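Note that my numbering has the sequence shown beginning at 59, numbered continuously upward. Every residue gets a Cβ at the ideal spot worked out from N, C-alpha and C, and that includes glycine. For clarity, every value in this text was computed on a predicted model and none was experimentally measured. Quick notes on the structure that follows.
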Amino acid sequence: MKAVREILFRISALSIIVTLLVSPMSSVIAEEEPPIKIPLGLEMSASLKEIIMQHKEAIHLYIMEARTRNMIASQERLRLIDEYHQQLRQRIQLMNQERDNLLEKLQNGTISPQEFSLEIRRLMAESRILAIFSEKLGHKISDIGKNLSQDLTHVADEIVEANMLFSDQLKEMHQQIREELIMGMYTHDIWNVTNCTKLQSISSALNKALSRLEEARNKLMEKIENLRNNISAIDESIQQSSPNSSDCLELLSNLTARLDGLQKEIFYLNKTKSESMKKLSRLREDLNQFTGRLEELEKRINELESQYRALNSEKRELENKLNLKGEESKERERVRERLQELLREMNKLNTTRRQCNEIMNEIRNMIEKHLKVIEELRNATQRFQEEIRKKIREREELLKIVEEVREKCDAENRTVVKMYIKKSLLERMLKFLESELKKIELKIKILSNWLREVDEKIAEFCQQPT
Numbered sequence: 059m060k061a062v063r064e065i066l067f068r069i070s071a072l073s074i075i076v077t078l079l080v081s082p083m084s085s086v087i088a089e090e091e092p093p094i095k096i097p098l099g100l101e102m103s104a105s106l107k108e109i110i111m112q113h114k115e116a117i118h119l120y121i122m123e124a125r126t127r128n129m130i131a132s133q134e135r136l137r138l139i140d141e142y143h144q145q146l147r148q149r150i151q152l153m154n155q156e157r158d159n160l161l162e163k164l165q166n167g168t169i170s171p172q173e174f175s176l177e178i179r180r181l182m183a184e185s186r187i188l189a190i191f192s193e194k195l196g197h198k199i200s201d202i203g204k205n206l207s208q209d210l211t212h213v214a215d216e217i218v219e220a221n222m223l224f225s226d227q228l229k230e231m232h233q234q235i236r237e238e239l240i241m242g243m244y245t246h247d248i249w250n251v252t253n254c255t256k257l258q259s260i261s262s263a264l265n266k267a268l269s270r271l272e273e274a275r276n277k278l279m280e281k282i283e284n285l286r287n288n289i290s291a292i293d294e295s296i297q298q299s300s301p302n303s304s305d306c307l308e309l310l311s312n313l314t315a316r317l318d319g320l321q322k323e324i325f326y327l328n329k330t331k332s333e334s335m336k337k338l339s340r341l342r343e344d345l346n347q348f349t350g351r352l353e354e355l356e357k358r359i360n361e362l363e364s365q366y367r368a369l370n371s372e373k374r375e376l377e378n379k380l381n382l383k384g385e386e387s388k389e390r391e392r393v394r395e396r397l398q399e400l401l402r403e404m405n406k407l408n409t410t411r412r413q414c415n416e417i418m419n420e421i422r423n424m425i426e427k428h429l430k431v432i433e434e435l436r437n438a439t440q441r442f443q444e445e446i447r448k449k450i451r452e453r454e455e456l457l458k459i460v461e462e463v464r465e466k467c468d469a470e471n472r473t474v475v476k477m478y479i480k481k482s483l484l485e486r487m488l489k490f491l492e493s494e495l496k497k498i499e500l501k502i503k504i505l506s507n508w509l510r511e512v513d514e515k516i517a518e519f520c521q522q523p524t
């Protein structure tokens, strides 16, 4: 019990730390631009998502801390850190895909500026959390680096370099997400504003944003050009240093590409399995509600039948009274009136019972459908799990092959292998920056369209009187 309390305390502490690190971001944005008017329902939903995400990340950080701390062998700890490193890489890629989708939706008008801002705000918080995660991984590598054997030092060096790359990516991404968050603020009132002063203020803000984006684009293009030059220089050095190692490096390149592909498949299979399990959880909650409703209806029908039997018993007694001779006419009239009243009440009970039975049949059908979907989802989840295990086994086998090839290449020319690894990391960064450049181009296009609309409204509503 004490251990459980300690774990919960540590998770709570991490949650508070993550919240404190993430929460200042929205206030920084708010200082620069007027706050966007977001409906209370959307705001509450977004805030709840952010809180849940922060707590999940705190738990994730605690698990990572505990697992790496409990590993005794340096090799096992290094392998585990590399595994978390791959997860970080996949999450960065997933965030970039989400940003692409959100920008496209904003351009197409399939998402409102408010919804866009809230989703971007969530991604901004997530990018900050990933930066914390990357920093903690860096500390973990530093801790175990002192006790590594010579043959594992180069593996740790690669992870350190890759972690620095991720850190640079997260900084660049955080800066761009920050600009995307401000974008949603410009658009909130564009289509409803007719006030000349406000329109001119929006136009000025859009022009400044475009200037910032164009400046960012120029800097990014310069970075991309420098990266391409560095990659070309490394290529030339590899060719000049050891022409005989080209076959070895090509094999290593192909194996690494396959390994990256497997990592991506495992990541998306895990994501799909997680979504499937969430659906299962929601369906089970619905099923419990349906079952509870069914029990309530069964109880209600039993009550109705009990009332019906009581009325029917009274009806028979009154009918027997009518059959008796010697009853006064007034009493017989009262009995007839009561019989008519009983028949009306019994008809109402029958109608209510029939309605309850109809609802029960509908609920039973829904339960049957839910059970069928639950079974299908359960089977699908099991298939995902089996596929994940299979892919993990493939990855482990491929990792051994990659390590063997790397050792062989190292034996021939360690310097060339280091240059190849450096080149691979730079190529990843190049791909990332090219993706960011496309986003900036799209943002410039979106803001230019908005600016044109605002300028047209200025021409319409801000004409000087003649």
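Taking just the CA atoms, how far does residue j sit from residue i?
i    : j    : result
K430 : R447 : 26 Å
E465 : M477 : 15 Å
I260 : Y142 : 44 Å
E420 : L257 : 55 Å
A183 : S311 : 35 Å
L320 : L138 : 17 Å
I425 : E353 : 13 Å
E193 : R179 : 21 Å
K481 : K427 : 54 Å
T168 : I459 : 47 Å
L309 : A315 : 10 Å
K329 : E343 : 21 Å
R510 : I516 : 10 Å
C306 : E454 : 21 Å
E518 : I235 : 33 Å
R451 : E333 : 23 Å
R390 : E372 : 15 Å
Y173 : L327 : Note that residue 173 is Glu in the sequence shown here, rather than Tyr. Each residue's Cα considered, the two are about 28 Å apart.
C254 : V218 : 55 Å
Q227 : Q297 : 29 Å
L195 : T349 : 47 Å
V251 : M418 : 53 Å
Q440 : E294 : 49 Å
R392 : E375 : 14 Å
N381 : K388 : 15 Å
S262 : L500 : 20 Å
A274 : T473 : 35 Å
M231 : F325 : 21 Å
S269 : R486 : 28 Å
K198 : E238 : 33 Å
L264 : V512 : 9 Å
Which whole-angstrom value is the C-beta distance of residue i and residue j, which I expect to be below 8 Å?
i    : j    : result
L317 : L457 : 7 Å
A267 : L495 : That pair is no contact at about 17 Å.
R149 : L181 : That pair is no contact at about 11 Å.
L362 : T410 : 6 Å
L160 : F191 : Not confirmed; about 22 Å, so no contact.
F442 : K357 : So it is not a contact: roughly 40 Å between Cβ atoms.
On the three-state DSSP scale, how would you describe residue i?
i    : result
T439 : helix
V251 : coil
L100 : Since pLDDT at L100 reaches only 48, below the 50 mark, its modelled position is unreliable, and no value is offered.
C520 : coil
G319 : helix
G167 : coil
L505 : helix
R510 : helix
When the cut-off is 8 Å and only beta carbons count, does residue i lie next to chain B?
i    : result
E465 : In the structure shown, chain B cannot be found, because there is only a single protein chain.
message = Would the stretch 432–448 count as touching the stretch 331–341 if we require 3 or more Cβ pairs under 8 Å?
response = The answer is yes - the stretch 331–341 touches the stretch 432–448, with three or more Cβ pairs under 8 Å.
Check your understanding: Is the number of C-beta pairs between the stretch 270–284 and the stretch 403–418 that are closer than 8 Å three or more?
Key -> Here the stretch 270–284 makes no contact with the stretch 403–418; the two share fewer than three CB pairs at distances below 8 Å.
For the 8 Å Cβ check, are there 3 or more pairs between the stretch 288–295 and the stretch 384–401?
No, the stretch 288–295 is not in contact with the stretch 384–401.
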